[in-house]
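Chemist: For the sequence shown, counting from 1, position 381 maps to 381 in this note's numbering; every step adds exactly one.
Backbone N, C-alpha and C define an ideal beta-carbon position, used for all residues, glycine too.
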Amino acid sequence: MTDFLASLRPEALDAPPSGIVEVWNYGRLREGLIPMWAGEGDLPTPAFVCEAATRSLAAGETFYTWQRGVPELREALARYNARLYGGEFSPDRFFVTASGMQAIQIALTALAGPGDEVILPTPAWPNFAAAVGVRGARVVEAPMSFGNRGWTLDLDRLADAVTPATKAIFMNSPANPTGWTATRDELAAILDLARSKGVWIVADEVYGRFVWDGSPRAPSFHDVAGPDDRVVFVNTFSKNWAMTGWRVGWIEAPPQLGDVIENLIQYSTSGVAVFVQRAATAALDHGEGFLDHQLRRIGESRALLMEALAGTGRARFVPPAGAFYLFFGVEGEDDAGDLALRLVDEAGLGLAPGLAFGRAGAGFLRLCYARGPDSMREASRRLADWLSARPLRA
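Quick look at the structure:
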C-alpha cells in the first residue's frame, strides 16, 4: 500500500486533532443531548439579516467582488467601531474575511513563519495555536493561573516568554474558554511590552460585547493604542449576531498593510460572497436590538448555571467576567477528557474537555451557556444532579 502521508508537509501532519471535535463527534447523534461544547448560541440568525442577503441574491449580486470587502460593509465597520470606541475610524483600516478564523490565519500568515514564535496566554481556543503551527511557527504558551480571583495573567511571565524569535503576542480578551477579561491597565502594560520588544499584537476581541458587569463593552486595545502601534484586530460576525454558519469576519489593521492583506485574501478565498456582506452590513447597522436581547437571555442563563453549580459543592469556578463560557473543574475528577465522555453517556450533556485548550486547561471543562433560560435550567439541573449523585473519587 502506498504511504501517501509520508509525502505530506510536517506542518500538516503535526496539526493536532481538536479535543472539542472529538467529544462533539462522540455525542452529536445522541437523542435528547444538550450540546454546549461549541462556541455558539441556540438562536438562529435574525430575520432582518437574512432578508438583506435574500435581497442581494434577488438583485443578482452573485459575481466576484472587492477583495478587501464591498465599500458599504467597510464603511459600516468604521461606523460601528466609532460608535463603540469613540473617535474616527477610516474604512481603509478594515478588510472583510471569510470568517474570524480566516482573519486569524491571514494575520498570522503576514506576521509569522518557520523559525518564528508567537506567545499565547493559555488556556486558549485550540485554533489559535493550530493556526500558528500550520505556518511553521511555534507557539510559546504563557500559562495563566487559577485561584480565588479566577483566572489571572502574570505579566512578568508574559514578558519572560519574549525571545528574539518572537514576532507576535496573541491576545484574546474576553477570553475563550476562561472568561478572563483584561483590564485597561493590563492592556496598556501588554502594549508597552510589545512596543519595547518591537513585536506585534494580534487582538481577538470577538467577545468584547459579552461582559457581565453592566458595561457596554470590555476594555480594548482601542482604548490604549495609537495609529503607529503594531496591533492587528481580528473579529467575526458569528457571536454578536448569531451568524456562525455565514463564515464572515474582519481584520482591522494599519492601512499600510492593505496591499499585503488584500493579496492574502485573493490567494485564499478571492473575497467574500456579496450577499453575505450585505447581511453583515445589516447586522452592523441594525443589530443592536438583537444583541441586547442575546445579552439579557444569556445573562439569565449564566445566573441559573452559577447558582446550580455552586449548590453542588463539587464545582471549582469563579464567575467569569466576560464571554459566554464557564471553565470549571470538578472535585475528585482529574481526567476531564474521560469526564466529558461520561457526561455525554450518563447526563446527556455535551461539554468540551479543558486539555483541548492547552496544558493549563488540564482538569477543567468548558461549558457554553449561550442558550435560552429554559434550556439552561434543564442543563443545569442535569449537571447538578449528576455531580451530586457521584461520590468523590479517591
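Which of helix, strand or coil does DSSP assign to residue 65?
Modeler: coil
Chemist: Among the residues of its own chain, which have a CB less than 8 Å from the CB of residue 5, if the five just before and after it don't count?
Modeler: Setting aside the 5 residues that flank it on each side, residue 5 is surrounded in the same chain by 13, each with a C-beta closer than 8 Å to its C-beta; the list follows chain order.
Chemist: Where do the ends of the alpha helix (DSSP H) carrying residue 71 lie?
Modeler: 71-85
Chemist: Where DSSP assigns a beta bridge to residue 235, which residues make up the other side?
Modeler: Paired residues: 250.
Chemist: Would you tell me roughly how many angstroms separate the C-alpha atoms of residue 371 and residue 111, rounded to the nearest one?
Modeler: 36 Å
Chemist: With 16 other CB atoms within 10 Å as the buried threshold, where does residue 29 fall?
Modeler: exposed
Chemist: Could you give the distance in angstroms between the alpha-carbon of residue 108 and the alpha-carbon of residue 132?
Modeler: Their Cα atoms are separated by approximately 7 Å.
Chemist: When we look at the beta-carbon of residue 1 and count the other beta-carbons within 10 Å, is it buried (16 or more) or exposed?
Modeler: Exposed, by the Cβ-count rule.
Chemist: What's the C-alpha gap between residue 390 and residue 288?
Modeler: 43 Å
Chemist: Just mark residue 80 as buried or exposed, buried being the case when its beta carbon has 16 or more other beta carbons within 10 Å.
Modeler: buried
Chemist: Please go through the same chain and pick out, in chain order, the residues whose beta-carbon is closer than 6 Å to the beta-carbon of residue 27, but skip the five residues on each side of it.
Modeler: 33, 344 and 350
Chemist: Identify every residue that forms a DSSP beta bridge with residue 426.
Modeler: Residue numbering for the chain in the displayed model covers 1 to 394; residue 426 lies beyond these limits and cannot be assessed.
Chemist: Does the distance from the CB of residue 331 to the CB of residue 339 come in under 7 Å?
Modeler: Taking 7 Å as the Cβ cut-off, residue 331 and residue 339 do not qualify as a contacting pair.
Chemist: Whose CA, out of 152, 125, 128 and 118, lies closest to the CA of residue 137?
Modeler: 118
Chemist: In its own chain, which residues sit with a C-beta less than 8 Å from the C-beta of residue 388, not counting the 5 before and 5 after it?
Modeler: Setting aside the 5 residues that flank it on each side, residue 388 is surrounded in the same chain by 312 and 314, each with a C-beta closer than 8 Å to its C-beta; the list follows chain order.
Chemist: Specify the secondary structure class of residue 352 as computed by DSSP and reduced to three states.
Modeler: strand
Chemist: Step through the CB atoms of chain B and report whether any lies within less than 7 Å of the CB of residue 204.
Modeler: Note that chain B does not occur in the displayed structure, where there is just one protein chain.
Chemist: I need the straight-line Cα distance from residue 58 to residue 170, nearest angstrom please.
Modeler: 41 Å
Chemist: Could you name the residues that DSSP lists as bridge partners for residue 17?
Modeler: Paired residue(s): none; residue 17 is not in a bridge.
Chemist: What are the boundary residues of the alpha helix (DSSP H) that residue 203 is part of?
Modeler: Segment 200-204 is the beta strand (DSSP E) holding residue 203; no alpha helix (DSSP H) there.
Chemist: With DSSP as the reference, identify every bridge partner of residue 34, one or two as the case may be.
Modeler: Residue 34 is bridged to 349.
Chemist: Whole angstroms are fine: how far does the CA of residue 305 sit from the CA of residue 377?
Modeler: 7 Å
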